[in-house]
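S.K.: Below: one structure in structure tokens.
2 protein chains.
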Amino acid sequence: MSSSAAEHSHADHHDHGKCIADALAAAREICAQRGERFTELRGRVLELVWESHRPIGAYAVLERLKADGRSAAPPTVYRALDFLMEVGLVHRIESLNAYIGCAHPGAAHASQFLICKDCGTAEELESPAIDAALAAAAGDHGFKLAGRVVELSGTCKSCTGS
Amino acid sequence: MSSSAAEHSHADHHDHGKCIADALAAAREICAQRGERFTELRGRVLELVWESHRPIGAYAVLERLKADGRSAAPPTVYRALDFLMEVGLVHRIESLNAYIGCAHPGAAHASQFLICKDCGTAEELESPAIDAALAAAAGDHGFKLAGRVVELSGTCKSCTGS
DNA sequence: CCGGCCTTGGTATAGTATATCGTACTCTAT
DNA sequence: ATAGAGTACGATATACTATACCAAGGCCGG
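Below is the structure:
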């Protein structure tokens with residue numbers, strides 16, 4: 060069923076230009092609110108991260124920047140990515156050493172990722188149930204929870220079908 | 060004040076020699092069951108991984124092997140670690156690029172880690188509640204779950220007290 | 001205009017992981 | 001015991017990921 064597209068997978072025919080535009084608009088607003096500068100470089104890096112719903116490596120971003128004709132070196136990219144993560148516009152996927160645009164920027168949140176081994180997309184979740192289970196387990200052990208890394212790998216809905 | 064030790068942190072006065080001996084004994088048994096060879100190198104690497112309850116990096120293991128007077132190079136270590144992970148004796152901590160002995164070898168399990176930012180110890184959990192929440196979230200999204208990375212960082216019980 | 005702070009450019013290097021090839025070892029079946 | 005197959009290890013080279021450090025330029029409040 061559902062002639063309309065599914066949620067957010069690679070098989071979607073969703074208007075990805077809108078994903079990027081929305082991300083950039085949100086970024087401008089958030090940076091303005093926080094008194095941070097949303098420079099051209101940062102914008103371009105965010106754009107590149109949002110180019111797909113697959114996590115992208117820092118060096119892949121670097122190649123793209125160079126392809127732009129821009130002079131760039133690893134620190135250029137890492138600084139931009141670190142900034143974007145700090146303001147909550149980008150997440151790092153630890154298990155892939157890669158970066159992905161945050162699906163819900165602006166709101167403080169602990170997110171989880173479903174990473175498809177077939178198509179490479181990573182879908183961001185914000186499951187209160189998972190978060191509650193994590194908090195409960197930490198509490199049981201007297202552990203003061205600060206950071207969460209939840210990365211689930213497997214096969215996404217679209218890839219299972221095909 | 061608590062003169063008695065807590066469960067499993069760096070502050071413990073637990074008999075760590077027993078941790079190591081148990082891990083080696085379990086390893087021998089598991090490898091025998093699976094028809095795998097538990098070689099001297101593999102045993103030594105497992106010992107080194109178990110030297111503390113802190114995850115250890117591959118290159119730190121390598122240094123220790125060299126200190127033994129053994130000739131060793133990165134592939135030496137990575138092969139041994141890959142083997143130990145394959146048979147379920149060691150886990151990789153993605154967020155640290157480091158390795159830690161499995162607390163419950165032999166049993167198939169999806170584990171989670173509580174990683175203390177102060178003392179560096181990583182405690183392995185097997186919370187059915189977390190696992191159920193993960194499975195449920197994946198199921199809700201039509202995602203066929205294969206691998207789980209759950210790494211929580213924060214402050215452990217012992218370090219909170221001090 | 002000046003001075004300070006933030007951002008970026010550029011080089012070098014550290015840290016993590018794998019590809020590849022050759023040799024030696026272990027086990028099994030004869 | 002020995003040949004052959006399969007596995008494990010030694011060794012070199014290289015790829016991939018990330019950070020330290022210093023210099024130069026841009027932005028902004030005084």
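From first to last, the protein sequence lines stand for chains L and P.
Take any residue in the first sequence, note its place counting from 1, add 59, and you have its number in our numbering.
Take any residue in the second sequence, note its place counting from 1, add 59, and you have its number in our numbering.
Where a beta carbon is used, it is the ideal one built from N, C-alpha and C, also for glycine.
All of these numbers come straight from a predicted model, not from anything done at the bench.
Once the 5 residues before and after L100 (chain P) are set aside, which same chain residues still bring their CB inside 6 Å of it?
M.R.: A139
S.K.: On the premise that V208 (chain L) lies in contact with V208 (chain P), defined as a C-beta separation below 8 Å, what is that separation, rounded to the nearest angstrom?
M.R.: Cβ atoms of V208 (chain P) and V208 (chain L) come within 8 Å of each other, at about 6 Å.
S.K.: Please go through the same chain and pick out, in chain order, the residues whose beta-carbon is closer than 8 Å to the beta-carbon of G213 (chain P), but skip the five residues on each side of it.
M.R.: L173, I174, C175, K176
S.K.: Does any CB atom of chain P fall closer than 9 Å to the CB of A64 (chain L)?
M.R.: Only weak support is given to the placement of A64 (chain L): the predicted model assigns it a pLDDT of 39, under 50, and the question is left unresolved by the model.
S.K.: Taking Cβ-Cβ distances below 9 Å as the criterion, which residues of the segment 175-203 of chain L are in contact with chain P?
M.R.: C175, K176, E182, L184, S186, A188, I189, D190, A191, A192, L193, A195, A196, A197, D199, H200, G201, F202, K203
S.K.: Does T214 (chain P) come out as helix, strand or coil in the three-state DSSP assignment?
M.R.: strand
S.K.: Can you say whether G160 (chain P) is buried or exposed, counting buried as having 16 or more other CB atoms within 10 angstroms of its CB?
M.R.: buried
S.K.: Alpha carbon to alpha carbon, how far is C178 (chain L) from C218 (chain L)?
M.R.: In a straight line, the C-alpha of C178 (chain L) is about 7 Å away from that of C218 (chain L).
S.K.: Just to confirm before moving on: does the CB-CB distance between L124 (chain P) and I115 (chain P) stay below 9 Å?
M.R.: Not closer than 9 Å, so no.
S.K.: Confirm, please, whether the CB-CB distance from H200 (chain P) to K216 (chain L) is below 9 Å.
M.R.: yes
S.K.: Which whole-angstrom value is the C-beta distance of A197 (chain P) and L204 (chain P), which I expect to be below 8 Å?
M.R.: That pair is a contact at about 4 Å.
S.K.: Chain L partners of G116 (chain P), CB-CB under 9 Å?
M.R.: Within 9 Å Cβ-Cβ: nothing; G116 (chain P) doesn't reach chain L, min ~15 Å.
S.K.: Thinking just about the alpha-carbon of each residue, which of P:H75, P:A126, P:N156, P:L105 is nearest to the one in G147 (chain P)?
M.R.: P:L105
S.K.: Would you tell me roughly how many angstroms separate the C-alpha atoms of T180 (chain P) and H75 (chain L), rounded to the nearest one?
M.R.: 43 Å
S.K.: Could you run through the segment 148-162 of chain L and flag, in chain order, every residue whose CB is less than 8 Å away from some CB of chain P?
M.R.: Answer in chain order: E153, S154.
S.K.: If we define contact as Cβ-Cβ less than 9 Å, is G94 (chain L) a contact residue for chain P?
M.R.: no
S.K.: Exposed or buried, A84 (chain L), counting other C-beta atoms within 10 Å across all chains shown (16 or more means buried)?
M.R.: exposed
S.K.: When DSSP labels each residue in this structure, what does C175 (chain P) get in the three-state scheme?
M.R.: strand
S.K.: Below 8 Å on the Cβ atoms is my guess for L193 (chain L) versus I152 (chain P); work out the distance and round it to an integer in Å.
M.R.: That belief does not hold up - the Cβ atoms of L193 (chain L) and I152 (chain P) are roughly 16 Å apart, past 8 Å.
S.K.: For A131 (chain L), is the classification buried or exposed, using 16 other Cβ atoms within 10 angstroms of its Cβ as the cut-off for buried?
M.R.: buried
S.K.: Run through DSSP, which three-state label would R129 (chain L) get?
M.R.: Note: R129 (chain L) maps to coil in three-state DSSP.
S.K.: Rank P:N156, P:G94, P:T135 by C-alpha distance to the C-alpha of L121 (chain P) and give the top, closest one.
M.R.: P:T135
S.K.: Spatial neighbours of S63 (chain P) within its chain, please: C-beta separation below 6 Å, excluding the five flanking residues on both sides.
M.R.: The pLDDT assigned to S63 (chain P) is 42, lower than 50, so where the model puts this residue is not dependable, and the model offers no usable value.
S.K.: Look up R96 (chain L) in the DSSP assignment and say whether it is helix, strand or coil.
M.R.: In the structure shown, R96 (chain L) adopts coil according to DSSP, grouped into three states.
S.K.: Just to confirm, are H163 (chain L) and E182 (chain L) a CB contact at a threshold of 9 Å?
M.R.: no
S.K.: Could you tell me which residues DSSP pairs with K203 (chain P) in its beta bridges?
M.R.: L:T214
S.K.: How would you list, in chain order, the residues of chain P whose beta-carbon sits under 7 Å from the beta-carbon of R207 (chain L)?
M.R.: L211
S.K.: Out of curiosity, what's the CA-to-CA distance linking S61 (chain L) and F97 (chain L)?
M.R.: Low local confidence applies: a pLDDT of 40 at S61 (chain L) is under 50, so the model's placement there is unreliable, with the coordinate-based value given in what follows. About 39 Å.
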